[in-house]
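Numbers in the working numbering are just positions in the first sequence, counted from 1, shifted up by 4. Yeah, the Cβ is synthetic: ideal placement off N, Cα and C, and Gly gets one too. These numbers were taken from a predicted model, which means no experiment stands behind them.
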Amino acid sequence: MANPTLPKGTRDFGPAVMAKRQFIFKNIRKVFKKYGFQPLETPAMENLSTLTGKYGEEGDQLLFKILNSGDYLKDVDASKLDSRNSKSVTADISEKGLRYDLTVPFARYVVMNRNDVSFPFKRYQIQPVWRADRPQKGRYREFYQCDADVVGTNSLICEAEIILMIKEVFKGLGITDYTIKINHRGILSGIAEAVGAKENETSLFVAIDKLDKIGEDDVKTELRGKGFSEDSLTKLFTILQVKGSTTNKIAFLTLQFDTSEKGQKGLRDLQEVFDLLKSYNETDEHVEFDVSLARGLSYYTGCIFEVKINNVGIGSVSGGGRYDNLTQSFGDKENLSGVGFSFGVDRIYDAMEELNVFPKGTQISSKVLVCHFDDESKQYGIGVLARLRQAGIASEIYPDTSKIKKQLDYANKKLIPFTVVIGSEEIQSGQLAFKNMEKGEQEKLSIDQIISKLQSPLRS
RNA sequence: GUGGAUGUAGUUCAGUUGGUUAGAACAUCAGAUUGUGAUUCUGAGGGUCGUGGGUUCGAGUCCCAUCAUUCACCCCA
Numbered sequence: 005m006a007n008p009t010l011p012k013g014t015r016d017f018g019p020a021v022m023a024k025r026q027f028i029f030k031n032i033r034k035v036f037k038k039y040g041f042q043p044l045e046t047p048a049m050e051n052l053s054t055l056t057g058k059y060g061e062e063g064d065q066l067l068f069k070i071l072n073s074g075d076y077l078k079d080v081d082a083s084k085l086d087s088r089n090s091k092s093v094t095a096d097i098s099e100k101g102l103r104y105d106l107t108v109p110f111a112r113y114v115v116m117n118r119n120d121v122s123f124p125f126k127r128y129q130i131q132p133v134w135r136a137d138r139p140q141k142g143r144y145r146e147f148y149q150c151d152a153d154v155v156g157t158n159s160l161i162c163e164a165e166i167i168l169m170i171k172e173v174f175k176g177l178g179i180t181d182y183t184i185k186i187n188h189r190g191i192l193s194g195i196a197e198a199v200g201a202k203e204n205e206t207s208l209f210v211a212i213d214k215l216d217k218i219g220e221d222d223v224k225t226e227l228r229g230k231g232f233s234e235d236s237l238t239k240l241f242t243i244l245q246v247k248g249s250t251t252n253k254i255a256f257l258t259l260q261f262d263t264s265e266k267g268q269k270g271l272r273d274l275q276e277v278f279d280l281l282k283s284y285n286e287t288d289e290h291v292e293f294d295v296s297l298a299r300g301l302s303y304y305t306g307c308i309f310e311v312k313i314n315n316v317g318i319g320s321v322s323g324g325g326r327y328d329n330l331t332q333s334f335g336d337k338e339n340l341s342g343v344g345f346s347f348g349v350d351r352i353y354d355a356m357e358e359l360n361v362f363p364k365g366t367q368i369s370s371k372v373l374v375c376h377f378d379d380e381s382k383q384y385g386i387g388v389l390a391r392l393r394q395a396g397i398a399s400e401i402y403p404d405t406s407k408i409k410k411q412l413d414y415a416n417k418k419l420i421p422f423t424v425v426i427g428s429e430e431i432q433s434g435q436l437a438f439k440n441m442e443k444g445e446q447e448k449l450s451i452d453q454i455i456s457k458l459q460s461p462l463r464s
């Protein structure tokens, strides 16, 4: 049989990688909990009817679909099969798909359980999602998202707290150079109205979202191709080139949007979010009002966020926004407003690796390895091991009787920082050889001394 | 879905205009060392050169196909 391989865009995570990934997960989960979010998990697969139509046409194509069980071709119309058009038979042979993000399953959950959940409902969710696009740098077919959403309130406190949470997570991870870009769908609508492109919003947004990536000239070229006039382009870029402090930008745009209700609403919301930050005694450091931020997902209606780690060759590592109508698409009569955001763990990992900011200690599993020379000392070592574990110290014993070199080698490879070496001398005296693997120092200590030394906060 | 690049040892890579038995470093294993590792020294194992076809006296090297990987576009975490 040929060598086994992984499906495109998927990865194994070995112990060293897992230690670092868990460091990230732990940090994010801690912050989510601290801000009052409760955990939720949903199935990997959803009904296709739940998933399709929520992410736009592009998104629907990226859904992984699951073949029906059993003899799934039995009832398919023969003429459809003959047409060789896979799209036309998809609905007949597949009714489930893998989740594409965590927001839509969350909305589905809320609608299904709306009598049981009390609003505002704050949930966090850390699970993998799947997208059938072509993998490349920072882009995988299976990746983890860490979502936190609040549904059932319009308060902009949620938006402000999202900024606080992002800051807190990055602080915990040791990432210092990043930018939280914020914008508002209403402001984008205001721009569209101001340049007379009300009917053409989507292609306008898609184009200006690329501004910092491809530059002004290419954006203009793209919009000309979509039929935008020179007049509207000139108007557009006087708006997009707004500079200065957030206050300045808002003042300038207020004048530009004099006839746009949506635009004015967006500016007011944004102003309030920045005011709220002050109430939290938080600065707007790392936060940037970016008029050209658009984001693809079509369901956003209010504030939108995107976070980029600077000087790293990777796309955004976090994003989100407010969506007013998400539950409506599940036939919900009442209008539930939600706001949420998501961290992309895999990209954060890649960025941290590139920046080399993972703390040294993350990979340590056991703190102590018990080494021994023969069956008798191994027997004795098991007793020592039991004592260490009773004291809550992560520890293990080398299971085979083999050369001490091999045992110490094992400790090195597993980055175990301490070893206890036990032989006949140690058994007799009760003074065990306690070795610091990093410094190479060794001293004779009783088991109690070793335990208290390992428990002391000054130990390393 | 569109376009480009790359496939040689477990890993990262050399390999000359096509020429004898395809190399290095790191990693692995063993020994120097019978109670002490990571630093030293010695040795060993490990390859259908991605796969299939073609050109040639001769192909890791040239051509075609195919698969895989990767980068960019679209889109996105």
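Contact belief for residue i with residue j at Cβ below 8 Å, rounded distance in angstroms
{"i": "Gln129", "j": "Leu106", "result": "5 Å"}
{"i": "Ala152", "j": "Phe362", "result": "That belief does not hold up - the Cβ atoms of Ala152 and Phe362 are roughly 23 Å apart, past 8 Å."}
{"i": "Ile184", "j": "Val311", "result": "5 Å"}
{"i": "Lys371", "j": "Pro421", "result": "6 Å"}
{"i": "Glu163", "j": "Arg326", "result": "7 Å"}
{"i": "Leu66", "j": "Ala136", "result": "5 Å"}
{"i": "Asn339", "j": "Asp328", "result": "6 Å"}
{"i": "Lys12", "j": "Arg145", "result": "6 Å"}
{"i": "Tyr303", "j": "Lys58", "result": "7 Å"}
{"i": "Leu168", "j": "Tyr284", "result": "6 Å"}
{"i": "Leu102", "j": "Met49", "result": "6 Å"}
{"i": "Thr258", "j": "Phe278", "result": "The pair is not a contact, with the Cβ atoms about 14 Å apart (cut-off 8 Å)."}
{"i": "Leu449", "j": "Leu280", "result": "Wrong, their Cβ atoms sit about 55 Å apart, outside the cutoff."}
Helix, strand or coil at residue i according to DSSP, with G and I counted as helix
{"i": "Ala143", "result": "Per the sequence shown, residue 143 should be read as Arg rather than Ala. Correct three-state label for Arg143: strand."}
{"i": "Leu102", "result": "strand"}
{"i": "Leu10", "result": "coil"}
{"i": "Val199", "result": "coil"}
{"i": "Arg299", "result": "coil"}
{"i": "Ser464", "result": "With a pLDDT of 44 at Ser464, under the threshold of 50, the modelled position of this residue cannot be trusted, and the question is left open."}
{"i": "Ile397", "result": "coil"}
{"i": "Lys30", "result": "helix"}
{"i": "Phe256", "result": "helix"}
{"i": "Ala164", "result": "helix"}
{"i": "Leu392", "result": "helix"}
{"i": "Asn204", "result": "helix"}
{"i": "Asn416", "result": "helix"}
{"i": "Pro19", "result": "helix"}
{"i": "Phe209", "result": "helix"}
{"i": "Val277", "result": "helix"}
Beta-carbon proximity of residue i to residue j, cut-off 8 Å
{"i": "Tyr113", "j": "Val133", "result": "no"}
{"i": "Val425", "j": "Ile451", "result": "no"}
{"i": "Ile212", "j": "Ser296", "result": "yes"}
{"i": "Ile70", "j": "Tyr353", "result": "no"}
{"i": "Lys214", "j": "Val223", "result": "yes"}
{"i": "Ile166", "j": "Gly324", "result": "yes"}
{"i": "Thr331", "j": "Val115", "result": "yes"}
{"i": "Glu430", "j": "Ala437", "result": "yes"}
{"i": "Gly194", "j": "Ser264", "result": "yes"}
{"i": "Gly74", "j": "Gly319", "result": "no"}
{"i": "Glu45", "j": "Gln149", "result": "no"}
{"i": "Ser341", "j": "Asn51", "result": "no"}
Alpha-carbon spacing of residue i relative to residue j, whole angstroms
{"i": "Lys126", "j": "Val154", "result": "4 Å"}
{"i": "Asn360", "j": "Ser322", "result": "19 Å"}
{"i": "Ile254", "j": "Ile243", "result": "11 Å"}
{"i": "Gln453", "j": "Thr9", "result": "50 Å"}
{"i": "Leu55", "j": "Glu62", "result": "13 Å"}
{"i": "Glu99", "j": "Phe68", "result": "11 Å"}
{"i": "Thr423", "j": "Ser369", "result": "13 Å"}
{"i": "Phe261", "j": "Gly267", "result": "6 Å"}
{"i": "Ser464", "j": "Lys443", "result": "Confidence in Ser464 is poor, its pLDDT being 44 and thus under 50, which makes the residue's placement unreliable; the coordinate value appears in the next sentence. Whole-angstrom Cα-Cα distance: 11 Å."}
{"i": "Lys37", "j": "Val93", "result": "44 Å"}
{"i": "Tyr402", "j": "Lys382", "result": "9 Å"}
{"i": "Asp404", "j": "Thr366", "result": "27 Å"}
{"i": "Arg138", "j": "Asp64", "result": "15 Å"}
{"i": "Ser333", "j": "Val246", "result": "36 Å"}
{"i": "Phe241", "j": "Gly306", "result": "22 Å"}
{"i": "Val291", "j": "Gly434", "result": "60 Å"}
{"i": "Arg15", "j": "Glu234", "result": "48 Å"}
Contact test: residue i Cβ vs the ligand GTP heavy atom, cutoff 7 Å
{"i": "Asp137", "result": "This structure does not include the ligand GTP; it has no bound ligands of any sort."}
Quiz item: Using 8 Å as the threshold, is the segment 375-382 in touch with the segment 188-199, meaning 3 or more CB pairs across them?
Solution: no
Practice problem: Count the C-beta pairs between the segment 267-285 and the segment 182-193 that are closer than 8 Å, then say yes if the count reaches three, no if not. | Solution: yes
Quiz item: Does the pairing of the segment 384-395 with the segment 411-418 give three or more beta-carbon distances under 8 Å?
Solution: no
Quiz item: Are the segment 165-182 and the segment 203-223 touching, with three or more C-beta to C-beta distances below 8 Å?
Solution: no
Quiz item: Does the segment 28-46 come close enough to the segment 75-90 to have 3 or more Cβ pairs within less than 8 Å?
Solution: no
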